[in-house]
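Taking it in order: structure first as structure tokens, then the write-up.
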Amino acid sequence: MPSWIRSALIRCSGTFCTGLVLMVVTVFSWSSPTSDPKTTTANATVVNQRTTISKSQQIAQSRRIEIDLSEQRLRAWDGKNLVYSFRISTGKRSTPTPVGRFAINSKYRTHRMRGTGYDIPDVPYAMYFYEGYAIHGAYWHNRFGTPISHGCVNLPVKQARKLYNWAGTGTVVVVRR
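Residue numbers (UniProt numbering): 1 to 177.
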């Protein structure tokens, strides 16, 4: 028999044997569920361990961002300590910023924002808190303290960077009139 046929058969039989061994190991390692009280207790413990809150989630829960629409001011709090206080630009009368209690659900270092009457590329430090509404840096204007946005909360870029690095997803955002 030519050597190339012999080597091909050896390769094929090796692959076949490996597959067969894996199938046998899988079949014999499977076990049916039991109702042993020790196993049930162990599973309950694992579930309780999974529900513990991570340190980053605890930090996000102690931190909050308050937006005062009448003052056009954003305040960032860590517990009872005021961390930041920035002048902002929120939604104008025809495109108001939503009022209520929200949480940051996603963050983007830069993000393109489009809507009726605007299409802005590379919006810096965007933190979405409700549907298409976000807290973000604004490089295209310097009218902070005046409501001129399409509903988002605009900050100067340097201040937006500080807030972006400080706040995590899950951080509470409270918007008041």
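Every residue gets a Cβ at the ideal spot worked out from N, C-alpha and C, and that includes glycine.
Counting only the same chain and skipping the five closest in sequence on each side, list residues whose C-beta sits under 6 angstroms from that of residue i.
i	result
isoleucine 120	Met113
serine 106	Tyr128
glutamine 159	Phe86
glycine 151	Gly91, Thr95, Thr97, Tyr133
glycine 137	Pro124, Tyr125, Leu155, Val157, Ala160
isoleucine 135	Met127, Val153
Could you please give me the residues that DSSP links to residue i through a beta bridge?
i	result
residue 188	Residue 188 lies beyond the range of the chain shown here (1 to 177); nothing can be said about it.
proline 124	Thr110
asparagine 105	Looking at the DSSP assignment, asparagine 105 forms no beta bridge with any residue, so it has no partner.
histidine 136	Asn154
valine 99	Valine 99 is not bridged to any residue.
arginine 63	Asp78
Quick check: what's the CA-CA separation for residue i versus residue j?
i	j	result
glutamate 66	arginine 75	5 angstroms
tyrosine 130	threonine 97	10 angstroms
tyrosine 139	arginine 64	25 angstroms
tryptophan 166	arginine 73	17 angstroms
lysine 80	lysine 162	19 angstroms
tyrosine 164	valine 123	13 angstroms
asparagine 142	arginine 177	22 angstroms
aspartate 68	glycine 132	19 angstroms
serine 149	serine 70	14 angstroms
glycine 145	threonine 169	26 angstroms
tyrosine 118	histidine 111	14 angstroms
serine 94	glycine 115	14 angstroms
proline 147	glutamine 61	29 angstroms
Could you pull out every residue in the same chain whose Cβ sits closer than 8 angstroms to the Cβ of residue i, ignoring the five residues on either side in sequence?
i	result
tryptophan 77	Arg63, Arg64, Ile65, Glu66, Val83
Leaving aside the five residues before and after residue i along the sequence, list all residues of the same chain whose C-beta is less than 7 angstroms from its C-beta, in chain order.
i	result
tyrosine 108	Ala126
Next on the checklist: Assess contact between the stretch 143–158 and the stretch 80–91, defined as three or more Cβ pairs (one per stretch) separated by less than 8 angstroms. Is contact present?
Outcome noted: yes
Checklist entry - How about the stretch 94–106 and the stretch 157–176: do they share at least three Cβ pairs that are nearer than 8 angstroms? => result yes
Item to check | Complete beta strand (DSSP E) runs within the stretch 65–95 (minimum length 3 residues, chain order) | outcome: 73–78, 81–87
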